[in-house]
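Here is the structure we will look at.
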Amino acid sequence: MSKTNDKPDSLTPKPILELYSFGEQHFEKHLIQDLDALKPFLEKKDLKFWLNISSIHDSNLILEIADLLSIHPMVIEDITNTSQRPKIEEFDDHIFVLVKMLYSKNSISEIQTEQVSILFGQNYILSFQETPQDIFDNVRIRLENPKGKMRKLGSDYFTYVLVDAIIDEYFGILELISDTVEKYDDQILQNKSNINLNTIHHQRKTLRRIRSSIWPLRELISIWKKSEHPLIKRKNMTYINDIYEHTIEILEGLELQRETMNSLAELYMTQLSIKQNEVMKTLTVIATIFIPLTFIAGIYGMNFKFMPELEWKYSYPTLWLIFILITVMMIRYFKQKKWF
Amino acid sequence: MSKTNDKPDSLTPKPILELYSFGEQHFEKHLIQDLDALKPFLEKKDLKFWLNISSIHDSNLILEIADLLSIHPMVIEDITNTSQRPKIEEFDDHIFVLVKMLYSKNSISEIQTEQVSILFGQNYILSFQETPQDIFDNVRIRLENPKGKMRKLGSDYFTYVLVDAIIDEYFGILELISDTVEKYDDQILQNKSNINLNTIHHQRKTLRRIRSSIWPLRELISIWKKSEHPLIKRKNMTYINDIYEHTIEILEGLELQRETMNSLAELYMTQLSIKQNEVMKTLTVIATIFIPLTFIAGIYGMNFKFMPELEWKYSYPTLWLIFILITVMMIRYFKQKKWF
Amino acid sequence: MSKTNDKPDSLTPKPILELYSFGEQHFEKHLIQDLDALKPFLEKKDLKFWLNISSIHDSNLILEIADLLSIHPMVIEDITNTSQRPKIEEFDDHIFVLVKMLYSKNSISEIQTEQVSILFGQNYILSFQETPQDIFDNVRIRLENPKGKMRKLGSDYFTYVLVDAIIDEYFGILELISDTVEKYDDQILQNKSNINLNTIHHQRKTLRRIRSSIWPLRELISIWKKSEHPLIKRKNMTYINDIYEHTIEILEGLELQRETMNSLAELYMTQLSIKQNEVMKTLTVIATIFIPLTFIAGIYGMNFKFMPELEWKYSYPTLWLIFILITVMMIRYFKQKKWF
Amino acid sequence: MSKTNDKPDSLTPKPILELYSFGEQHFEKHLIQDLDALKPFLEKKDLKFWLNISSIHDSNLILEIADLLSIHPMVIEDITNTSQRPKIEEFDDHIFVLVKMLYSKNSISEIQTEQVSILFGQNYILSFQETPQDIFDNVRIRLENPKGKMRKLGSDYFTYVLVDAIIDEYFGILELISDTVEKYDDQILQNKSNINLNTIHHQRKTLRRIRSSIWPLRELISIWKKSEHPLIKRKNMTYINDIYEHTIEILEGLELQRETMNSLAELYMTQLSIKQNEVMKTLTVIATIFIPLTFIAGIYGMNFKFMPELEWKYSYPTLWLIFILITVMMIRYFKQKKWF
Amino acid sequence: MSKTNDKPDSLTPKPILELYSFGEQHFEKHLIQDLDALKPFLEKKDLKFWLNISSIHDSNLILEIADLLSIHPMVIEDITNTSQRPKIEEFDDHIFVLVKMLYSKNSISEIQTEQVSILFGQNYILSFQETPQDIFDNVRIRLENPKGKMRKLGSDYFTYVLVDAIIDEYFGILELISDTVEKYDDQILQNKSNINLNTIHHQRKTLRRIRSSIWPLRELISIWKKSEHPLIKRKNMTYINDIYEHTIEILEGLELQRETMNSLAELYMTQLSIKQNEVMKTLTVIATIFIPLTFIAGIYGMNFKFMPELEWKYSYPTLWLIFILITVMMIRYFKQKKWF
């Protein structure tokens, strides 16, 4: 009941309503501004229409539509509240499907989530986008094709095509993620230290966020598959299976990327330990060789009156021999321990 | 059978009993002090009433109510024992629903849990709060609206509205948690070392505690959805689906926060390792350069009688050259190893 | 078939058999020594009896009882073999329930596990304890109450009361664990280094052991709930739901403690790393400052004949200036790196 | 709908179509170039044929086949799009099975994945390979055997044989992986430091990739087992169970390898820590012994006018005694601490 | 179809075939060499027989048996191929059960896995062992007992006894593992550094291997329990429940050991960190105290002409005071930091 962000302020421009009326032999397109223009199409029982509304901020408009098609108030709330999980809800004469669209221009960090609500009845399909996006362009083209299945098959097939268009976008996102992970993979494997851990942390957050947008789709589709609603036809089940397969594929792909990311983070930590080990070995080798030598030099730097060695002629070269001997022995010891 | 904390001591003030009697055309509100005032409303079969009791410590009162409405002793125990898990239990002529309310003033650490028990029959709804809280204010306003659905639909819808009011509070809590996690995220990413690990540890504990308060709701609602009790009407199922969706949403949100917190703790550890590596490198570079030099200086600090170099005129500048040479070579070596 | 530890040696004292014969208007208690005293009560079909046997080591006795009540040999084996998992098994005219009792005097490390077997038929309840424990004291008191439900409801209710008494003990154990974990929590958060890691390790083992004793109860109760055995009455299902809720509550509580313990161990490790980091920083700061200074002092400790600086009047104070300058610069550098 | 990579460019050579027409008493083999040669075999209802197409890039050919056998367009898409997950799809008069073939020449890193699509109807089996591979050689031999079951049993059995040939390859791959993991195991256990962590990282990635190719097979087979399609005969279920068992065996084998790999990575990290500990101990022992000694030597290297010890005759040998004493005590202390 | 390792080479000795013919009043035992001796027993419908074959390498023999009892070729393959997963398979007039036997002489590392196949029909039980093992000794004894249930109950009960004998061995293995883990536990807790990490790694591998041998038993038994095959009698279900309970118990025991092992490995790592911390602290304390002192001594070892302190009479004792002062302050600082 909470969390609605409908801002019906007068500043937002009147949303564009694309109306497509179509039948097997018929196709017309209208850009309408108010619902009066829609009413005649409601009567034509032999034709179907698709109404695409590319904004959900004009709540009056949505309430009008709800009135016109006697939509449950709960559905209206779901359409206008953009923090919903993907879901399907069946009503007597229409079915409500809500999915998340993902799109991005170039990089993972710019991935945007948008909510798309679809409502279909016997002879109409309504779709609500948060902002005008071009994901349905391909659908429009297919609809213009008079021999296409969209003209012939029912509104559940039409909804399938819309959902499929959205899921197709996911593959692009998945590829974007794969490429990024692959790039990190290369950088870490080549031991480039300029990798930014914070970025990995953010990638993981993005991955989790995307996953939580797609995950509920599984449930949605499995409800669809089991549904016995008259609007959902058995013969179109192959298509539903298809988007089910795609969803599973996307989720498995995301999981694979997540695991690779975890494995990368682990590898990074191990490399860090290896490097630290190397640093420590260097310090230890140098210190272990020179600290005893310095001590010996220190001894003969003492100013005692009575130090017999100081007077002896060969003390100095002898000491050098000792220095070299100690060093060689130490190096041998470290070599044997494989610290070099 | 254990763990009841009913303290019916005479000091606790008599709890306030808010009584709302309502029908489609009817609405009255009473603040009553004892149950005698309630009895007449029990008779009015054409009206429903909602009795909100904002204290569970007067066990006599609760036993009286139980007597009046022939409530199962197990339910009485559940109402007065505040360590119950959320649950639903069906009886012949009433249904018992127990949920946890969460509220907080400002910070995560102040999140309080309170138990709310709801019992509804054909024409009554009883709700028991641990302490007088204002979560049902909105419900009261909606109830006063003569055109609202609360007046028309059954007591299961009324219960839905109460539970929904409680779940709405969860979203506030979730937001509070998200904000806190986001704050930590920023602090860790900016490498601010003043972050307090203990706080993260406590956040995790809070998260776990909240989760365990909400998690059983899933089961509760799924029992509700499958219920064939006459008090639960099919036509109100859309509303139940709605709170189901909200519960899942909250749980997924909590899970997301938990994962982010884990990822943050891991990031913190990695940063710690990186810092340690840096510290070690500094030590190693300085020590590795100067320890051999100090040794050489130590050699010529020895007091042997016969050290030819001491007498030689250019010894001192030559040694400086050697010092500089060694330093440059070392620095080059470290640069090549990327320790700078 | 294996793992029986029945030691029917003649040294173990004859176990005490408490016999309670009861009906709605009837109650008598006997301490009997052999089964002949039991036989008359088997005949009284209008009365029920409860036989509590506080030892399972007299296998002859148990075989006699089995004979008397025609109990399946598998059940006998289960009763005498104390390494069984909790389970329920239905037979034609009786039902066998096996649960684990947990009790402890003061600390987690002293938690004991004991097996309690319950067998109930139409008009009898047998309970077998490993050793005489007082967990059923409360049951005895309730049984003496002539108005109590134990006198009226069936033997499945009686079994519920026994199992509930056992589960009630779990809450005490859970509280004991919570207190211990809370204590560790405080100690680690306050960075007291005297915490004993081995104790944490043992706590975890105890937690796992307890969990594995309670976990199978879920299955047991869910079989009970689904059972269609004539001895299990629908109307008593509320009580079964109650112990189901309690079991889940205990298990969730244990899980919470386990997670807190893991989180504590992790926190401990992180604190260790932070401390090590601090130690390393101290070493590095001191070494990095003084090693170069010592080198410089070493230079002017050399005994070369021709070292112009040695003769110069202001060499010594100049060098002090250089020492101070280097130190200040180093400290500044470390401050900037936040190593202080 | 996306992700097709059919490149019907004119350069790819015309794929080879192997046609096997067979019955219990009949067997003939043809290499055909176009589908006209196939048509006569479609008519012979008393014979079955197997058409193996070793390329999926000639989309015209595949569309022609689809036309000839009235295959659903979705299936055509699945055949030509090689990024599909293994699946089974039932149609009125044929069943579509898509699996992944894995093969490798020598090492894990060269493991290739290829898609094999099988379509079988009452009297035909079509199989599509991405590239001409020899995995079906064994099938061909068995088919030539006039007494073999392939001639007698239905096309579902024939499909089983094809899938089984593919799954058989998995065992080889699994063995390859086991050998590699075993090799790493040996190397790490023998503490050979030349192990390449990056290789482990890549092995894990390969393991994940292979697993994701095989995992969906479980679902595929379980759908097959539950299927009530007339083409799937109950009496051949034993064979399906067989490939189910094999798939589970492969997956469990992969899981075992994955766990061993994780355990190895962990072991490697621990060994690293142990080594670092050893390095640190060496440094600490040497430094802790010689730093105080050097200090003492330094004291008597000071040039104060008034240092009584300098004049004393036995200072020098006394100091040597002190040096030796300190060293011995230190070594004892370290021995006691087990740092040696 | 793959992975058979039947080596029917002529060198392997003719396997021994133990034949037990029995009825309620009848028992005879024969050691037969070929199947001709078996045939007469096939006719006796009033008697059952158990044929135990302690080798699976004579494939001719197994084929002969298969012929005699018309066993499915798939089963023959399963019997001779020792890399099968435990499973149950039902046929018209017999049921095939395949389980894994585990046995060990003394230590975990010597645990051997062997495959045991059991095939039972109305009046016969066949069992195939890989090598002659004595696990069925107890079964033989029980069979000789004329009053035993093995003589009376059906061949499914007989199979239960065989499987139970195999599962009984698991308890010994589990105990062996517990003892080993307990031993490690003690060693690590007492901080004995001579523990061999590689051994832990191998234990884990063994644990995983054993688990994968036992895990499929759950599925096997649950299929058995749900089976409606006429050879499986309802009244013997208590026995099946018994082996189900045992299997779960074993698996939970293994899981407990696995968790303890993980917890031990973690504890070991933490101890390593604690030790490293201690080493570092020692180094830091010594270095931090003596490095500044050495520097000061170094200053007064310089040979400048003009160093006023050198001439001053009390310089040397003053310096000693300074040395002591610095040391005391340092030690206090470290004490306060709890580095001692």
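So the protein lines, in turn, are chains Z, V, R, G and U.
Going by the UniProt record's numbering, the first residue of the first sequence is number 1, and it counts up by one from there.
Going by the UniProt record's numbering, the first residue of the second sequence is number 1, and it counts up by one from there.
Going by the UniProt record's numbering, the first residue of the third sequence is number 1, and it counts up by one from there.
Going by the UniProt record's numbering, the first residue of the fourth sequence is number 1, and it counts up by one from there.
Going by the UniProt record's numbering, the first residue of the fifth sequence is number 1, and it counts up by one from there.
All C-beta atoms in this analysis are idealised placements derived from N, C-alpha and C, irrespective of residue type, glycine included.
As the structure is a computational prediction, the values presented were derived from the model and not from experiment.
Just curious, the beta strand (DSSP E) that residue i is in, first and last residue?
i         : result
Met101(R) : His94 to Tyr103
Lys87(V)  : Lys87 to Glu90
For residue i, is the classification buried or exposed, using 16 other Cβ atoms within 10 angstroms of its Cβ as the cut-off for buried?
i         : result
Val285(G) : buried
His26(U)  : exposed
Ser263(V) : buried
Met261(U) : buried
Glu28(G)  : exposed
Asn60(G)  : exposed
Val328(U) : exposed
Asn52(V)  : buried
Lys100(R) : buried
Leu98(U)  : buried
Pro216(Z) : buried
Take residue i as the anchor and find which of the options has the nearest alpha-carbon.
i         : options                                       : result
Gln257(R) : Glu90(R), Gly148(R) and Glu175(R)             : Glu175(R)
Ala66(Z)  : Lys147(Z), Leu126(Z) and Lys48(Z)             : Leu126(Z)
Thr288(V) : Thr288(Z), Ile289(Z) and Leu283(Z)            : Leu283(Z)
Asn138(U) : Asn241(U), Phe120(U) and Asp164(U)            : Asp164(U)
Ser104(U) : Glu114(U), Trp215(U) and Val97(U)             : Glu114(U)
Phe96(Z)  : Arg142(Z), Ala297(Z), Phe290(Z) and Phe128(Z) : Phe128(Z)
For residue i versus residue j, is the C-beta distance shorter than 8 angstroms?
i         : j         : result
Ser178(V) : Leu102(V) : no
Tyr316(R) : Met307(U) : yes
Leu47(Z)  : Leu31(Z)  : no
Glu249(R) : Arg85(V)  : yes
Ile56(U)  : Ile71(U)  : no
Leu293(G) : Phe334(G) : no
Gly154(V) : Lys45(V)  : no
Ile135(Z) : Ile166(Z) : yes
Residue range of the alpha helix (DSSP H) that residue i falls in?
i         : result
Glu24(V)  : Neither: Glu24(V) is in no alpha helix (DSSP H) and is coded neither H nor E.
Phe136(G) : Taken as a continuous stretch (DSSP letters only), Phe136(G) belongs to no alpha helix (DSSP H), as it is neither H nor E.
Gln122(U) : Note, Gln122(U): premise wrong, no alpha helix (DSSP H); not H, not E.
Phe290(R) : Met237 to Ile299
Asn52(Z)  : Premise fails: Asn52(Z) lies in the beta strand (DSSP E), Lys48 to Ile53, not in any alpha helix (DSSP H).
Ile16(U)  : Here Ile16(U) belongs to no alpha helix (DSSP H), and DSSP marks it neither H nor E.
Ile111(R) : Segment: none, Ile111(R) is in no alpha helix (DSSP H) and carries neither H nor E.
Any beta carbon of chain A sitting closer than 8 angstroms to that of residue i?
i        : result
His72(G) : In the displayed structure, chain A is absent; the protein chains listed are Z, V, R, G and U.
Original post:
In chain order, what residues of the region 272-286 of chain R put their CB closer than 7 angstroms to some CB of chain U?
Top reply: Leu272, Lys275, Gln276, Val279, Met280, Thr282, Leu283 and Ile286
Original post:
If you measure beta-carbon to beta-carbon, which residues of the region 209-243 of chain R are closer than 8 angstroms to chain V?
Top reply: Thr238, Tyr239, Asn241 and Asp242
Subject >> Residues from the region 289-313 of chain R in contact with chain V, defined by Cβ distance under 7 angstroms >> reply: Ile291, Pro292, Thr294, Phe295, Gly298, Ile299, Gly301, Met302, Asn303, Phe304, Lys305, Phe306 and Met307
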